[in-house]
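To start, the structure under review is shown below, and the notes come after it.
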Amino acid sequence: QGRGQPGYGGVFAFELQGGVKAAEAFMGALTLAMVAPSLGGVETLVTRPASTSHAGQSPEVRAALGITDGLVRVAVGIEDPRDLLADFLSAVEAAAKAVA
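So for the sequence shown, my numbering puts the first residue at 3; every next one is plus one.
The following block contains the structure:
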């Protein structure tokens with residue numbers, strides 16, 4: 003039975019309050035995860051779909067699809083989860099400061 007590799011991979015998305023300003027501050031503050039429009043690789047990659055994969059869609063179409071300006075999509079790589087957590091917590095703090 004295919005159970006997959008324990009502890010590896012996964013894709014998820016979350017929305018930051020503060021829209022594009024918060025999302026850009028979050029992504030700019032990351033030091034381990036890489037900002038990239040692709041979601042394939044062994045390293046953790048983050049992207050903002052409104053400015054990459056769905057940039058050609060109108061704001062109305064993006065809204066209907068749930069693609070907000072503050073949406074960040076993450077493809078988790080093989081880095082140590084503790085390192086990723088520290089990186090993401092620091093970036094969330096930077097995003098909060100950017101919109102305060």
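No residue lacks a Cβ here, since even glycine has one placed at the ideal position from N, Cα and C.
Looking at the strands, I want to know which residues DSSP matches up with glutamate 95. Here residue 95 refers to the residue found at position 93 when the sequence shown is read from its first residue. Bridge partners of glutamate 95: none, in fact.
Please classify glycine 4 as buried or exposed, where buried requires at least 16 other C-beta atoms within 10 Å of its C-beta. Here residue 4 is taken as the residue at index 2 of the sequence shown, counted from 1. Summary for glycine 4: the model assigns pLDDT 43, below 50, so the residue's position carries little reliability, and this model does not support an answer.
Among the candidates Thr33, Leu34, Pro39, whose CA atom is the shortest distance from the CA of valine 74? Position 72 of the sequence shown, counting from 1, holds the residue named residue 74. The shortest Cα separation from valine 74 among Thr33, Leu34, Pro39 belongs to Pro39.
Within a Cβ cutoff of 8 Å, which residues of the same chain sit near leucine 47, ignoring the five residues on either side of it in sequence? The residue you call residue 47 lines up with position 45 of the sequence shown. Within the same chain, and ignoring the five residues on either side of leucine 47 in sequence, the residues whose Cβ sits closer than 8 Å to its Cβ are Ala35, Met36, Val37, Ala38, Ser40, Leu41, Val76, Ala77, Gly79.
Three CB pairs or more closer than 8 Å across the region 63–73 and the region 20–29: yes
Let me know the secondary structure DSSP gives threonine 47 once reduced to three states. Mapped onto the sequence shown, residue 47 falls at position 45. Looking at the sequence provided, one finds leucine at residue 47 rather than threonine. DSSP, reduced to helix, strand and coil, places leucine 47 within a strand of the structure shown.
Own chain residues within Cβ distance below 6 Å of glutamate 49, not counting five before or after: Mapped onto the sequence shown, residue 49 falls at position 47. The amino acid at residue 49 is misidentified as glutamate; the sequence shows threonine. Once the five neighbours on either side are set aside, the close Cβ partners of threonine 49 are Pro39, Arg75.
With H, G and I counted as helix, E and B as strand and the rest as coil, what does DSSP make of valine 101? The sequence position of residue 101 within the sequence shown is 99, counting from 1. Helix.
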